Amino acid sequence: MSTVATAVSNSAPSSTSNPDIIVETRSLGKIYRDFWGRKKVQALKSLDIEVRRGEIFGLLGPNGSGKSTTIKLMLGLLFPTSGRAFVFGKEATDVAKNERIGYLPEESYLYKFLNAEETLDFYGRLFDMPASVRRERAEHLINMVGLQKHRRRQLKEYSKGMTRRIGLAQALINEPEFLVLDEPTTGLDPIGTREMKDLIVRLREQGKTILLCSHQLADVQDVCDRVAILHQGDLKELGRVDSLLKVQDVTQIHAKGLDENTKTQIRELIAKANGEVVKMDNPTTTMEELFLDIVRDSENRPGRRSSNAN
Amino acid sequence: MRLTPDQFWNYQEWLFNHWGLLWGLGIALILSIVGFLIGFLVATLKHGPSEGFLQVSKVIGELFTIDIPKMSFRRVFAIAKLSFKEAIRNKVLIVVLVFVIGIMFAGWFLDRNAANPAQLYIPTVLTATSYLMFLMALFLSTFSIPRDISNRVMYTIVTKPVRPTEIFLGRVLGFAGVGTLCLLVFGVMSYMFVVRGLRHSHEVAAVQANGLAGETKKEHNHTHTFTLDETGEGTTETVKGHRHIVRKVDGKLVVLDQVDDLTARNPIYGMLRFTGRDGEEGIGLNVGYMSEYHKYIEGDSLMSAVWRFDGIRPSSFSETLNFDFTLSAFRTYKGDIVTPVGVEVKFRSIDGKVESDRIQFKVKEFLIDQKSIPLKLKGIKDLQPADLDFFTDIAKDGSFEIVVRCLDRGQYLGMAAADCYLRAKESSFEWNFTKGIISIWLRMFIVICFGVMFSTFLSGPVAVIATVSVIVLGMFGWFVDDLVSGKLAGGGPVEALVRLPLQSGSGTELDLGNEVIENVIRGIDKGILYSVAALKYSLPDLYSLETSEFIAHGVNLFEGLLARHLTIAIGYFLMTSIIAYFFLKTREMAG
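So the protein sequences, as listed, match chains A and B.
Its first residue numbered 361, the first sequence is counted upward by one per residue in the numbering used here.
Its first residue numbered 25, the second sequence is counted upward by one per residue in the numbering used here.
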């Protein structure tokens, strides 16, 4: 896959009217300048991407690659130095688009002196929701993110994971069509991470479009349909996760209950077909799976040592 | 207290006849043009002239087509409520505690022997309240938006459908709400402090054998002597700015609560003109360097001061026509500064055909000289002595004149338009005090507007400095005026800087021995001073919005004056909201 062409003029591009394109950037570029207008860093160089309706789109890249800048440009928090960004076919700086967007920032930037209920009520008001709707949504979201017992505590008393959850709840208060999640699993424990990933997938099943930006490659791999990989402000790769990760000339078979004899026969069969056995052994589970199994077992049989331990 | 003529213009007069509206519109127009030019310059530097022009026009257009029409009260209220909660949870109410403690001990530091305690107590509490409110408004309004931006909470606000106008309005209303709450507490506390400290009565200490005069006991550091009529009714003499009514109840003399200080007189002002030494229309004399509107009449001559009153209604008065004088004397005698100057006053119909008998009295300098005449009085009608009814004979259509002459040869009496006024039925002190508090609220509101406006493009500490500059220029703008007009000797900042090492007194002309250098210095100073003066004229004149003197001197704070102040506050609110809108709209929240 090659880097996308960048030669699009600044004034020419405009949004396509395709309703299935939620986000569209055209030669989007950003240069950070100092107080005197001198160039400090070019954070993004002529980015062209599209996020389509109903998909989970991942933005990947190391620190300083331009992921957060891209998100901020899409949300109108920054203004592009060159090119344009469109969300729902409108300029990214158009406030009206925010009606349909939910945004979970990198760290949950919320008012620490409010409690969970007040936080959701406040953000609900910003969407001009009547009191009954605000109450109903807040109730539902607090239950969904598991903060029932902490709804009256000020956010300054919250742990990082709890703050992430309330951050997610505020992002969902308006039942957005398009959700922007910046590092959604930061600060979450493995259970929280799994729940977050499950939730993201569920949200996609409900028809929402999600833009996810993360360092956690496993998270991106687990949930994203398509990814863009950025490095030093350049788009390096863009495509479907499954096709990007697929190793074309290696075949993987998972089988259960085979004895040694059968395994030998399989090896022989592969050799006969001029194939090469790269690896044949018992798979190991992931640490995440192991941890989740232990916690589930512990919840089912409190006070006992896990059956997985030996 | 000396009122300036502009203070008793009514609202319509100020708005339409005295440039109030034009002044506001002029400032708005100049600021709009300057704002557009600055915006255009900045946008041109970023995007080039044509794109820059489009960008600025778009921002202006969106203000009227989207950002104002699509404002939501619910969003504004949400931000206002948030600001309120933020302030309360950041323990801003500690300021209230400071005030309460301050007022608890304020009595220790106020002079108990003051000549007029009301004029000491009331300005003290109202000034303390004003400055405390300024401080609170300053720190509340300047830090919130910069803090939201620096800790990035603003990310979660501006990614909601919130408009810049709503952020500004919400913040201003929220902080004004906190200010109102504190001001309510301060107001009640101040009122209690004043009333508890001043309101008192006395017991009768001694009565003369004829039962027509006596003296009270010494209470609150003073005593009164009093006189009574045959029915046993009377008043004490004025001591410390107040009198008491003395009344016989069940055969016993009782001194009631004081009158005259905790009150709200309703002055009705007239237009002043003068007649010259020949008795014809003329101008008052200027006895030296005095205010332009304060003039003198010569004693024992045909010179007179004539106040014309219009629109006087009988319903404003009961049995007597009350009027106050604050005349000053200018003596040409040497040595005698004690003998008071004599005055002669008569009331005259506009056509001059009916006039009252002359009333003569001695001027009480530096004090309000309270007089009253019965509405049934003697005088001259069509050159014949007659019994007159004030409102049917003299003030037929509500208009009449008061003619004042100075009796003593070689003495001069000084007066300005506001130095003679009719005293209509008094209003309630409580309502007057409330209006004083409302006046403080308006000034606090203006400071909040400026604080929030500066905080939309400056960091917290810099916004504080900018807002303090507005307050200082607003409170001491007269100093800039005096410097520009040359009334204050010593020149501008550069000249002052040069004079310091030379130890050159400000009373002398600057003499460096080189005219060119002197002119350069004066030129630079003029440039600086005119710039500061120009800035001053676009900033609120907080000094003239100060009204505590009205309350302290027991003068009803005219509703018209308060309405003017309200209009000015609304004007500055609009100005600051538009400036704040442009900054919020055009700044990168994540920049």
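Beta carbons: idealized from backbone N, C-alpha and C, even for Gly.
Every value quoted in this text rests on a predicted model; they were computed, and no experiment measured them.
Out of curiosity, what's the CA-to-CA distance linking Gly514 of chain B and Met599 of chain B? Position 490 of the second sequence, counting from 1, holds the residue named residue 514 of chain B. Position 575 of the second sequence, counting from 1, holds the residue named residue 599 of chain B. Going by C-alpha positions, Gly514 of chain B is about 35 angstroms away from Met599 of chain B.
Rounded to whole angstroms, what's the CA-CA distance from Thr356 of chain B to Gly294 of chain B? Just pull it up for me. As a first step, residue 356 of chain B must be located in the second sequence, where it is residue number 332. As a first step, residue 294 of chain B must be located in the second sequence, where it is residue number 270. For Thr356 of chain B and Gly294 of chain B, the distance between alpha carbons rounds to 29 angstroms.
CB-CB length for Lys459 of chain B against Leu586 of chain B, believed under 8 angstroms: If you number the second sequence from 1, residue 459 of chain B lands on position 435. If you number the second sequence from 1, residue 586 of chain B lands on position 562. Leu586 of chain B and Lys459 of chain B do touch by the CB rule: their CB atoms are close to 6 angstroms apart, below 8 angstroms.
Can you say whether Val607 of chain A is buried or exposed, counting buried as having 16 or more other CB atoms within 10 angstroms of its CB? Here residue 607 of chain A refers to the residue found at position 247 of the first sequence. Sixteen is the threshold: since fewer than 16 other Cβ atoms of the shown chains lie within 10 Å of the Cβ of Val607 of chain A, the residue is exposed.
Is the CB of Tyr463 of chain A under 9 angstroms away from at least one CB in chain B? If you number the first sequence from 1, residue 463 of chain A lands on position 103. Residue-level contact by beta carbon holds for Tyr463 of chain A and chain B, with a gap shorter than 9 angstroms.
9 angstroms is my cut-off, CB to CB: does Pro485 of chain B come that close to chain A? Translated into positions along the second sequence, residue 485 of chain B becomes position 461. Residue-level contact check: Pro485 of chain B does not touch chain A, since none of the beta carbons of chain A fall below 9 angstroms from its beta carbon.
In chain A, what lies closer than 9 angstroms to Met95 of chain B by C-beta? Position 71 of the second sequence holds residue 95 of chain B. What Met95 of chain B touches in chain A: nothing, since even the nearest Cβ is about 10 angstroms away.
Extent of the continuous alpha helix (DSSP H) to which Trp455 of chain B belongs: Along the second sequence, read from residue 1 onward, the residue named residue 455 of chain B stands at position 431. Annotation: the continuous alpha helix (DSSP H) that includes Trp455 of chain B extends over 453 to 479.
Using the beta-carbon count (16 or more within 10 Å), is Trp396 of chain A buried or exposed? Start at 1 with the first residue of the first sequence, and residue 396 of chain A comes out as number 36. So Trp396 of chain A counts as exposed.
Return the Cβ separation of Gly421 of chain A and Lys405 of chain A in integer angstroms, given the expectation that the two are a contact with Cβ distance under 8 angstroms. For the purposes of this step, residue 421 of chain A is taken as residue 61 along the first sequence, with counting starting at 1. For the purposes of this step, residue 405 of chain A is taken as residue 45 along the first sequence, with counting starting at 1. So it is not a contact: roughly 13 angstroms between Cβ atoms.
From Ile627 of chain B to Leu512 of chain B, what does the alpha carbon distance come to, in whole angstroms? Any answer about residue 627 of chain B is impossible in this case: the structure gives chain B only from 25 up to 615.
Starting from the beta carbon of Asn346 of chain B, find every residue of chain A whose beta carbon is closer than 8 angstroms, and list them in chain order. Locating residue 346 of chain B in the second sequence gives position 322, counting from the first residue. Going along chain A, no residue has its Cβ under 8 angstroms from Asn346 of chain B, so there is no contact; the nearest lies around 56 angstroms.
Could you tell me which chain A residues have their CB closer than 8 angstroms to the CB of Lys109 of chain B, listed as they occur along the chain? The count along the second sequence starts at 1 and reaches residue 109 of chain B at position 85. The contacting residues are Phe473, Leu474, Glu478.
Could you tell me the distance, in whole angstroms, from the CA atom of Pro93 of chain B to the CA atom of Ile84 of chain B? Within the second sequence, the letter at position 69 stands for residue 93 of chain B. Within the second sequence, the letter at position 60 stands for residue 84 of chain B. Their Cα atoms are separated by approximately 13 angstroms.
Drop a sphere of 10 angstroms on the beta-carbon of Leu435 of chain A, count the other beta-carbons inside from all chains shown, and report buried for 16 or more, exposed for fewer. Residue numbering aside, residue 435 of chain A sits at position 75 when the first sequence is read from its first letter. Answer is buried; the Cβ neighbour count reaches 16.
Please list the partners that Lys184 of chain B has in chain A, where partner means a Cβ-to-Cβ separation under 7 angstroms. If you number the second sequence from 1, residue 184 of chain B lands on position 160. Neighbours of Lys184 of chain B on chain A, chain order: Asn458, Tyr483, Leu486, Phe487.
At a CB-CB cut-off below 8 angstroms, which residues of chain B make contact with Gln530 of chain A? Position 170 of the first sequence, counting from 1, holds the residue named residue 530 of chain A. Going along chain B in sequence order, the residues near Gln530 of chain A (Cβ under 8 angstroms) are Thr180.
Tell me whether Ala669 of chain A is buried or exposed, calling it buried when 16 or more other Cβ atoms sit within 10 Å of its Cβ. Working through the first sequence from its first residue, we reach residue 669 of chain A at position 309. In this prediction, Ala669 of chain A scores a pLDDT of 46, lower than 50, which makes its location untrustworthy; the coordinate-derived value is nonetheless stated afterwards. Exposed is the call here.
If I'm right that Leu134 of chain B touches Leu150 of chain B with Cβ under 8 angstroms, what's the distance once you round it to whole angstroms? As a working mapping, residue 134 of chain B is identified with position 110 in the second sequence. As a working mapping, residue 150 of chain B is identified with position 126 in the second sequence. Under the criterion of beta carbons closer than 8 angstroms, Leu134 of chain B and Leu150 of chain B do not qualify as touching, at roughly 13 angstroms.
Assign Lys511 of chain B to one of three DSSP states: helix, strand, or coil. Stepping through the second sequence from its first residue, residue 511 of chain B is reached at position 487. Under the three-state reduction of DSSP output, Lys511 of chain B falls in the coil class, being neither helix nor strand.
Ordered list of alpha helix (DSSP H) runs contained in the stretch 581 to 607 of chain B, each at least 4 residues: Runs of the alpha helix (DSSP H) inside the stretch 581 to 607 of chain B: none found.
Mind checking which residues open and close the beta strand (DSSP E) that includes Ser647 of chain B? Residue 647 of chain B is absent from the structure shown; chain B starts at 25 and stops at 615.
I want to know whether the stretch 403 to 414 of chain B touches the stretch 298 to 318 of chain B - three or more CB-CB distances under 8 angstroms. Touching, no.
Under the DSSP definition of a beta bridge, which residues are partnered with Val447 of chain A? Working through the first sequence from its first residue, we reach residue 447 of chain A at position 87. Looking at the DSSP assignment, Val447 of chain A forms a beta bridge with A:Val383, A:Lys450.
Asn458 of chain A versus Lys184 of chain B - alpha carbon distance: Taking the first sequence and counting its residues from 1, one reaches residue 458 of chain A at position 98. Taking the second sequence and counting its residues from 1, one reaches residue 184 of chain B at position 160. The alpha-carbon of Asn458 of chain A is positioned some 5 angstroms away from that of Lys184 of chain B.
If you scan the stretch 54 to 100 of chain B from start to end, which runs of the alpha helix (DSSP H) of 4 or more residues do you find wholly inside it? Correct list: 73 to 86.
Tell me which same chain residues have a C-beta within less than 7 angstroms of the C-beta of Gly595 of chain B, skipping the five on either side of it? Position 571 of the second sequence, counted from the start, is the residue given in the question as residue 595 of chain B. Gly48.
Return no unless some Cβ of chain B is closer than 9 angstroms to the Cβ of Val455 of chain A. Sequence index remark: in the first sequence, residue 455 of chain A carries index 95 (1-based). Chain B contact via Cβ: present.
Which stretch, first to last residue, makes up the alpha helix (DSSP H) that contains Pro147 of chain B? On the second sequence, residue 147 of chain B is found 123 positions in, with the first residue counted as 1. Element bounds for Pro147 of chain B: 142 to 174.
Boundaries of the alpha helix (DSSP H) in which Gly300 of chain B is found, first to last residue: Start at 1 with the first residue of the second sequence, and residue 300 of chain B comes out as number 276. Neither: Gly300 of chain B is in no alpha helix (DSSP H) and is coded neither H nor E.
Lys432 of chain A at chain B interface by Cβ criterion, 9 angstroms: If you number the first sequence from 1, residue 432 of chain A lands on position 72. With its beta carbon less than 9 angstroms from one in chain B, Lys432 of chain A belongs to the interface.
Which residues DSSP lists as bridging Leu252 of chain B, in chain order: Against the second sequence, residue 252 of chain B aligns to sequence position 228. DSSP, once it has assigned bridges, lists B:Gly258 as partnering Leu252 of chain B.
Name the chain B residues whose beta carbon is nearer than 8 angstroms to that of Phe439 of chain A? Counted from its first residue, the first sequence places residue 439 of chain A at position 79. In chain order: Glu612.
Is there a Cβ of chain B sitting closer than 9 angstroms to that of Glu467 of chain A, yes or no? As a first step, residue 467 of chain A is located in the first sequence; it is residue number 107 there, counting from the start. Interface with chain B (9 angstroms Cβ-Cβ cutoff): Glu467 of chain A is included.
Specify the secondary structure class of Leu277 of chain B as computed by DSSP and reduced to three states. As a position in the second sequence, residue 277 of chain B is number 253, starting the count at 1. Strand at Leu277 of chain B.
Pull up the distance between the alpha-carbon of Tyr554 of chain B and that of Gly44 of chain B, whole angstroms please. Sequence index remark: in the second sequence, residue 554 of chain B carries index 530 (1-based). Sequence index remark: in the second sequence, residue 44 of chain B carries index 20 (1-based). Answer to the nearest angstrom: the Cα atoms are 22 angstroms apart.
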